[in-house]
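In my numbering, each residue's number is its place in the sequence shown (first place is 1) plus 632.
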Amino acid sequence: MREEEVERLRAIVRDCIGRHEYASATFYAGRVALATADPLDIYMEAQALLLAGHHRRALHLLTSSPPLLRDPRFRCLAAKCLEELKEWHDCLTMLGEAKVDDDGNVISQKDTNMMNLDKQSDDHEINILSAICLLRAKAYQALDNRDIAKQWFKAAVKADPMCYEAMECLVDNYMLTCEEEKRLLSSLNFRKEDQWLYAHYSCMISKHEKSSVLEAKFRDLEEGTSGVSFSNSSSNKSPKYNADLMACKAEYYYQCGEYQKCFDLTSAILEKDAFHLKCVLYYLVASVELNRPNDIYVMADSLVKNYPNKAVSWFAVGCYYYCIKKYSQARQHFSKATSIEGTYAPAWIATCNTYAAQQENDHALTAYRTTARLFPGCHLPMLYIGMESMRTRNFKLAEQYLLEAKKKCPYDPLVYNELGVVAYHMKDYEKAAEWLELALDNLAFPLSELWEPTLVNLAHSLRKLKKYHKAIIYYEKALALSTRSLSAFAGLAYTYHLTDKYDEAITYYHQALWLKPDDQFCTDMLNLAIEDDAQTRKDFL
């Protein structure tokens, strides 16, 4: 075959692959490889076979000539075939022996060809060493060796920060604690033109940062000012419409308790990209928090029809049943989601929450411990174990788990809030006030009604410490957020009562009794305040 004809057929193969006509691509690639016996043409044929779903044929083609496997690219493609076949041990054997340390640095590589891979990458390609590390990570994860998988995911993103999939796996699968994520990001070497990617990764891991700081990062990314300009892009392709970036923002809103903002943002994104699955996830969980079962039902119905083999579809069904308080049915569907995708953290945590909602304490604790083992970087299981232990009045154990949650995520105000509640129950009011003040200091957004109980608990602690003036300030802040807080009205009335301000105390006792007329404490204290006020007036006269 003439060289001109070979070049023409190669161009046809590339065109067929670009048009997803894989049967045609394999046919013409086979003709070219047969005519030239060039290793690059054999590689092209193997790629076409892999894309066409002929994984075994592609593997046979690559392994039928052992000298070809000396080239790391061929070995990586062969390992990719084994990944598709789910032959994980053979996949690792194909990639060769290697060791990695806890920080993701490859420290032992017997194959010298592999050792020099980082020097062979093109500026327009992801480093092949990164691709090999990613394959190793996936294989170890499939074999349930999550610790080693975590190290290889870190190695993949260290070998090339452009390996987004590795970073996404580390973050979404909660493989790293907050501090470990920050250390990893600071260790990555980004090129000057890739600073926008650094900013994006920074947004991915900043789940509890102050809103003013993170909103500025999102704004820079949306406007294209983070090291790369998008000014020539048409408006519908601008980063501000990038669903991945917006999903990251929605996650931030959800983690900070801004459920309405999360719902509104995901609703807007799903109007443009109806099946962006990460946006779908945060749309679902925000809908649960806002008690919107009808919206969840519509989304779940659509997902099951269009993505029956995706974990998020059955998670959505579980969310619907959870929202209408049918916890056993919810648990069945959450379990189906985890059977489809064993690393789907939202379904694992939701399964635990169904037990907690039914007050099945032992089952809940067992499930939370399993989830904590599967997702070592996630602080939520430890937080929820602490809350469950508190519910059974095991305050010492609750404190231990909550401190462990704080160690994993020192920025979540809910952890500090629960530590404050535990300290209050243990009658350590000084420590309770400290923890609750830290909770308020760590809020990403301005105070909302969600944090009214924290203000009330802090006021209670200060009242116990006889810091009545500060207690009154926090009670009033709580009432500014919610005018139907019995605890705030009763606490404020009692504090005024303790400071001999009977008129104010009587006024607020009446306010509390308006909310709950049969409250025995307020009734008794109101009568006592009236008597004390009368006695004071009598003594004055």
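Backbone N, C-alpha and C define an ideal beta-carbon position, used for all residues, glycine too.
Beta-carbon separation (whole angstroms), residue i vs residue j, contact threshold 8 Å
i	j	result
Ala1076	His840	6 Å
Cys880	Met836	6 Å
Tyr952	Ala918	Not really, about 14 Å apart at Cβ, beyond 8 Å.
Met794	Ile758	5 Å
Cys713	His687	5 Å
Glu1084	Leu1113	5 Å
Met633	Ala661	Actually they do not touch by this definition, with Cβ atoms about 13 Å apart.
Tyr959	Thr986	4 Å
Ala996	Cys984	6 Å
Leu766	Ala798	5 Å
Leu909	Lys942	7 Å
Ala1122	Ala1144	4 Å
Leu1158	Tyr1141	4 Å
Ser834	Leu817	6 Å
Euclidean distance between Cα positions of residue i and residue j
i	j	result
Leu693	Leu641	20 Å
Leu1012	Tyr929	26 Å
Lys869	Glu854	Bear in mind that the predicted position of Lys869 carries a pLDDT of just 44, short of 50, making it unreliable; the figure below should be weighed with that in mind. Each residue's Cα considered, the two are about 11 Å apart.
Thr1086	Ile1105	13 Å
Trp589	Met676	Residue 589 lies beyond the residue range present for the chain, which begins at 633 and ends at 1173; the question has no answer from this structure.
Met807	Ser971	19 Å
Val645	Ala657	5 Å
Val949	Phe966	8 Å
Ala1137	Thr1002	50 Å
Leu916	Pro699	52 Å
Pro978	Ile760	32 Å
Ala763	Glu1031	43 Å
Lys937	His1092	52 Å
Asn629	Cys801	Only positions 633 to 1173 of the chain appear in the structure, and residue 629 is not among them; the question remains open.
Ala643	Lys1038	57 Å
Val944	Tyr954	15 Å
Thr744	Tyr796	Low confidence applies here, because Thr744 scores a pLDDT of 46, under 50, leaving its location unreliable and the question unanswered by this model.
Asp734	Gly1009	14 Å
Met1022	Lys842	29 Å
Pro925	Asp933	12 Å
Phe850	Glu729	41 Å
Tyr1107	Met1058	22 Å
Arg663	Ile674	10 Å
Tyr939	Thr695	35 Å
Gly974	Cys810	22 Å
Phe659	Tyr1000	52 Å
Val732	Trp784	7 Å
Lys1174	Leu691	This structure cannot settle anything about residue 1174, because the visible part of the chain is limited to 633 through 1173.
Asp670	Ala655	21 Å
Leu820	Tyr830	9 Å
Leu672	Glu635	15 Å
Gln1167	Thr1127	19 Å
Gln964	Ala982	11 Å
Lys904	Ala882	15 Å
Tyr1033	His652	52 Å
Leu1147	Leu1111	13 Å
Asp927	Arg705	47 Å
Residue i versus the options, residue with shortest Cα-Cα distance
i	options	result
Lys1109	Tyr1061, Tyr1128, Ala875, Glu1081	Glu1081
Arg689	Ser697, Pro699, Ala678, Pro698	Ala678
Leu1051	Cys1041, Lys1040, Tyr1043, Ala1071	Ala1071
Ala906	Asp876, Gly889, Val920	Asp876
Asp804	Leu714, Met1014, Leu913, Ser762	Leu913
Tyr976	Gly650, Gln773, Gly1123	Gln773
Val738	Asp722, Ala769, Trp720	Ala769
Ser838	Tyr885, Ala1144, Asn874, Phe1007	Tyr885
Asp779	Gly736, Leu1035, Leu1158	Gly736
Ile1165	Tyr1140, Asp1132, Pro1149	A quick correction: the sequence has Asp, not Ile, at residue 1165. Taking only the C-alpha atoms, the option nearest Asp1165 is Asp1132.
Pro1045	Tyr1061, Tyr1056, Leu1079	Leu1079
Val1054	Tyr1043, Leu1035, Val638	Leu1035
Tyr1048	Thr1127, Glu1069, Ala989, Lys718	Glu1069
Trp980	Asp994, Gln991, Phe1007	Phe1007
Residue i at chain D interface by Cβ criterion, 9 Å
i	result
Tyr1128	Of the chains in the structure shown, none is chain D; there is only one protein chain.
Does the segment 1017-1027 come close enough to the segment 812-832 to have 3 or more Cβ pairs within less than 8 Å? no
Can you confirm whether the segment 1005-1018 touches the segment 785-799 when touching is taken to mean that 3 or more C-beta pairs between the two stretches lie within less than 8 Å? no
Enumerate, from N- to C-terminal direction, the unbroken alpha helix (DSSP H) stretches of 4 or more residues contained entirely within the segment 1043-1120. 1045-1057, 1061-1073, 1084-1096, 1100-1113
How about the segment 709-726 and the segment 676-691: do they share at least three Cβ pairs that are nearer than 8 Å? yes
Which parts of the segment 883-909 are runs of the alpha helix (DSSP H), unbroken and 4 residues or longer, counting only runs that do not cross its ends? 891-904
Quick test of the definition: if touching needs 3 or more C-beta pairs under 8 Å, does the segment 1096-1103 touch the segment 1059-1067? yes
Scan the segment 771-805 and note each continuous alpha helix (DSSP H) run of 4 residues or more that stays entirely inside, going in chain order. 778-791, 796-804
Would the segment 1111-1126 count as touching the segment 1149-1156 if we require 3 or more Cβ pairs under 8 Å? yes
Length at least 4, wholly inside the segment 937-983: the alpha helix (DSSP H) runs in chain order: 943-955, 959-972
Would you mind listing the alpha helix (DSSP H) stretches within the segment 656-709 that are 4+ residues and don't spill past its ends, in chain order? 671-683, 687-695
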